[in-house]
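Chemist: Numbering (the working numbering), first residue to last: 180 to 384. The beta carbon of each residue, even a glycine, is placed where N, CA and C say it ideally should be. Starting off with a structure, shown below.
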């Protein structure tokens, strides 16, 4: 952790920013489950006329949706690291440390070929889902015009792969990472899209 005493007497403020040699980055993977609702920014639609005109915050491509998820995860990680850095008295190095932790999100975003504030019949022959949207949050999908259904489980979860090149964090134990994920989870729940993360859980893979 950040407060470790360095045997070689290197000032902790310097070691905190030290990078591992190229090719020796540490890989950490965790999974996020239980997104019972999804922000429209984390889903996408290519229907300019019927969807994007009514809900302009939808991503326009799958890649854009994944990027939005990745940015949100990166923010939560940075804030969690800042909390640890503050405890160790090196908060000023947070930006440098955060730059040495690179997240990659693996997610299959929900494609909303139709969207409305109540269930609507999906358009036959058009790929995608009919999404029920309330205040820019997808709450359900619909397979007919009367019955809202839970968002399919494959869209309720995503995997995050971390490439860690920071010297100190690269040496963290599994227990330390589990404690850190608790802090990351807290930040995800308190951020812009916190409503959708209230039911979510994080676990190391």
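Is it the case that the Cβ atoms of residue 125 and residue 199 are separated by a distance below 7 angstroms?
Modeler: Nothing about residue 125 can be read from this structure; the chain reaches only from 180 to 384.
Chemist: Identify, in the order they occur along the chain, each residue of the same chain with its Cβ nearer than 7 angstroms to the Cβ of residue 240, setting aside the five sequence neighbours on each side.
Modeler: 223
Chemist: With which residues is residue 341 paired in a DSSP beta bridge?
Modeler: 207 and 282
Chemist: Pick out the complete beta strand (DSSP E) segments inside the region 280 to 314, 3 residues or longer, and give them in chain order.
Modeler: As far as the region 280 to 314 is concerned, its whole beta strand (DSSP E) runs of at least 3 residues are 280 to 285, 291 to 295 and 308 to 313.
Chemist: Quick check on the burial criterion: 16 or more other C-beta atoms within 10 angstroms. Buried or exposed for residue 263?
Modeler: buried
Chemist: Please state the DSSP three-state secondary structure of residue 383.
Modeler: strand
Chemist: Using the Cα positions of residue 380 and residue 348, report the straight-line distance between them to the nearest angstrom.
Modeler: 22 angstroms
Chemist: State yes or no: is the C-beta of residue 216 within less than 7 angstroms of the C-beta of residue 340?
Modeler: no
Chemist: Would you tell me roughly how many angstroms separate the C-alpha atoms of residue 315 and residue 335, rounded to the nearest one?
Modeler: 16 angstroms
Chemist: Taking the alpha carbon of residue 385 as the point to measure from, which residue in 329, 282, 259 and 242 has its own alpha carbon closest?
Modeler: The question about residue 385 has no answer here: the residues shown for the chain are numbered 180 through 384.
Chemist: So for residue 238, helix, strand or coil by DSSP?
Modeler: strand
Chemist: Which residue's Cα is closest to the Cα of residue 231: 297, 312, 337 and 318?
Modeler: It is 312 whose Cα lies nearest to the Cα of residue 231.
Chemist: Does the separation of the CB atoms of residue 321 and residue 302 fall below 7 angstroms?
Modeler: no
Chemist: What is the residue span of the beta strand (DSSP E) that residue 319 lies within?
Modeler: Run containing residue 319: 316 to 321, per the beta strand (DSSP E) assignment.
Chemist: Per DSSP, what are the beta-bridge partners of residue 217 in this structure?
Modeler: 317
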